[in-house]
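Numbering (my numbering), first residue to last: 1428 to 1659.
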Amino acid sequence: MIGLLLYILVILCVSIIAYSVFVAIFFHEEIKAAMRKDPAGRSYIEVLTLYPGLHSIVMHRLTHALYVFKMPFLPRFLSQMMRFFTGIEIHPGAKIGKGLFIDHGMGVVIGETTVVGDNVLLYQGVTLGGTGKEKGKRHPTIGNNVVIGAGAQVLGNIVIGDNSYIGANAVVVKPVPPNSTVVGVPGRITHQDGKKIELDLDHIHIVDPIMQNIEELQKRIEELEKKIINKS
Ligand SMILES: CC(C)(COP(=O)(O)OP(=O)(O)OC[C@H]1O[C@@H](n2cnc3c(N)ncnc32)[C@H](O)[C@@H]1OP(=O)(O)O)[C@@H](O)C(=O)NCCC(=O)NCCS
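Here you go:
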């Protein structure tokens, strides 16, 4: 019995070491990106062994290859298994560039027709998804060196330009030009090419849509009242 347990332990250790060596050789850029972008990433070994984002990218490279070869069922099965362990769901169809770092990971969803450029940083809770209205290419294209903050939702077949920042919890449904910062719901550009964008300089005469609706309804009631009075 002890012999069997020892045997299993040895097999497990050898597999972990073989996997780590494989990842260290073929995913060097991703490990370096994690160390560069995460102040908490203290050592190469720590990133190699403890970062769920890295493991989900490793699995994605395999599932994407199977997807390209039109293998049925297995790629989705493996990607769902990875989701179970890491909380990160990357559809096997998504095209992902070099040096992607998914920090923390939990709750990240990357849709089937998403394209992610090089050197991108995604935080937890990010959705690169569809609006539910489009068919075919229905997920975003993310440029190089883009940072997407925690909980941000980037929806639809839109392009997020290179070197852009999407703020935490923003909801972006329109294309974003390169070198922009977008915050809020719906996402609005606050900085572009290093300059602050003032969207509305007139802060006094702001149109309130609810007030507008109430005023329209009031007008209609007055018109109806007049009609009733004229008829009687
Ligand atoms: C958007 C972000 C990149 C900052 O960009 P920045 O260009 O430095 O922007 P600033 O800090 O100068 O803020 C610009 C304006 O946007 C507002 N703002 C910044 N981030 C915001 C956000 N996520 N949602 C809404 N408004 C935001 C600021 O209050 C400021 O408003 P003001 O001009 O009325 O004062 C950053 O705030 C952010 O959200 N980063 C994501 C970080 C993250 O997800 N970390 C997770 C770690 S676990």
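All C-beta atoms, glycine included, are put in the ideal place defined by N, C-alpha and C. These numbers were taken from a predicted model, which means no experiment stands behind them.
A distance below 6 Å between beta-carbons, with the five flanking residues on each side excluded, links Val-1542 to the following residues of its chain, in chain order: Lys-1522, Thr-1568.
When distances are taken from the beta-carbon of Gly-1532 to the heavy atoms of ligand 1, even the shortest one reaches 8 Å or more.
Membership of Arg-1615 in the beta strand (DSSP E) is indicated by the continuous run 1615-1619. With a 10 Å radius around the Cβ and a threshold of 16 neighbouring Cβ atoms, Phe-1454 comes out buried. Counting only residues of its own chain and dropping the five nearest sequence neighbours on each side, Ile-1585 has a CB closer than 8 Å to the CB of Pro-1567, Thr-1568, Val-1599, Val-1600, Lys-1601, Pro-1602, Val-1603. CA-CA distance, Gly-1534 to Tyr-1550, rounds to 9 Å.
Counting along the chain, Ser-1442 sits inside the alpha helix (DSSP H) bounded by residues 1429-1453. Around the beta-carbon of Ser-1470, fewer than 16 other beta-carbon atoms lie within 10 Å, marking it exposed.
With a threshold of 8 Å, the Cβ atom of Gln-1645 does not count as near ligand 1, since no heavy atom of the ligand is closer than that. With fewer than 16 other Cβ atoms inside 10 Å of its own Cβ, Thr-1558 counts as exposed. Listed in chain order, the alpha helix (DSSP H) runs fully inside the segment 1476-1542 are 1479-1495, 1501-1513, counting runs of at least 4 residues. Ranked by Cα distance from Phe-1496, the options Gly-1520, Leu-1475, Leu-1481, Phe-1512 are led by Gly-1520. At a Cβ-Cβ threshold of 9 Å, Asn-1596 and Val-1612 count as neighbours. Using a 10 angstroms sphere on the CB of Phe-1528, the tally of other CB atoms reaches 16 or more, which defines it as buried. Between the alpha carbons of Gly-1532 and Gln-1639 lies a gap of roughly 42 Å. For Gly-1570, DSSP records no beta bridge to any residue. For His-1491 and Pro-1502, the gap between their C-alpha atoms comes out near 7 Å. Between Gly-1544 and Gly-1524, the gap from beta carbon to beta carbon is short of 9 Å. Of the candidates Asp-1530, Thr-1540, Asn-1571, the residue whose Cα lies closest to the Cα of Val-1553 is Asp-1530.
As computed with DSSP, Tyr-1471 is found in no beta bridge at all. Taken from the Cβ of Lys-1522, every heavy atom of ligand 1 lies 8 Å or farther away.
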